[in-house]
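Numbering (our numbering), first residue to last: 3 to 120.
First up is the structure itself, then whatever we jot down about it.
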Amino acid sequence: MSYIDFKCVQAAATGLSGQISILREIEEELKQSEHRIRDMAYTDETVYLLRKSQEEVQEEIRNLQHFSACLEELCAIWKKTEGRISDTYNLELTVYPRTVFGTSRITGLAGFEHLLTF
3 MSYIDFKCVQ
13 AAATGLSGQI
23 SILREIEEEL
33 KQSEHRIRDM
43 AYTDETVYLL
53 RKSQEEVQEE
63 IRNLQHFSAC
73 LEELCAIWKK
83 TEGRISDTYN
93 LELTVYPRTV
103 FGTSRITGLA
113 GFEHLLTF
């Protein structure tokens, strides 16, 4: 049976934010390098490679941002679900059976005998 540690998921989302900031710094350095050598002779290929590298870094940043957003959404859903489970277990949230009109006897109460007063 597999086990997912909630704190590890949160740490991974935080770690992705750190990686994104590092990639932004790399992207800025690539832009500065391109700006410095743009007007130099015989650097067309190098400028092309720098621009291509910038695009790849931007794509990686977008992918990490999507992944980080997914992990944060997962954490929110996880907390909400655990809250519902604990509320139900602690009887703070009780799901009552749905009333069906048109029958002459009470049905559908199996498992809810402890909630009935009669």
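C-beta atoms are modelled at their ideal positions from N, C-alpha and C, and glycine is treated no differently.
Under the assumption that residue i contacts residue j (Cβ atoms under 8 Å), give the Cβ distance between them as a whole number of angstroms.
i          : j             : result
leucine 73 : alanine 14    : 6 Å
leucine 76 : isoleucine 22 : Wrong, their Cβ atoms sit about 18 Å apart, outside the cutoff.
Against chain C, with Cβ distances strictly below 8 Å, would residue i count as a contact?
i           : result
tyrosine 91 : The chain inventory of the structure shown lacks chain C, comprising one protein chain alone.
If you draw a straight line from the C-alpha of residue i to the C-alpha of residue j, how long is it?
i             : j             : result
arginine 53   : aspartate 46  : 11 Å
isoleucine 24 : aspartate 7   : 26 Å
lysine 82     : serine 55     : 41 Å
threonine 70  : serine 19     : Before going further, note that residue 70 is serine rather than threonine in the sequence given. Looking at the two C-alpha atoms, the distance is approximately 7 Å.
tyrosine 44   : glutamate 36  : 13 Å
threonine 16  : isoleucine 39 : 36 Å
valine 11     : isoleucine 63 : 19 Å
My output table needs one value for residue i: the three-state DSSP class, helix, strand or coil.
i            : result
threonine 48 : helix
alanine 43   : coil
glycine 110  : coil
isoleucine 6 : coil
threonine 16 : helix
threonine 90 : helix
arginine 100 : coil
leucine 118  : coil
Inter-stretch contact at 8 Å, needing at least 3 Cβ pairs: the segment 25-33 / the segment 51-62: yes
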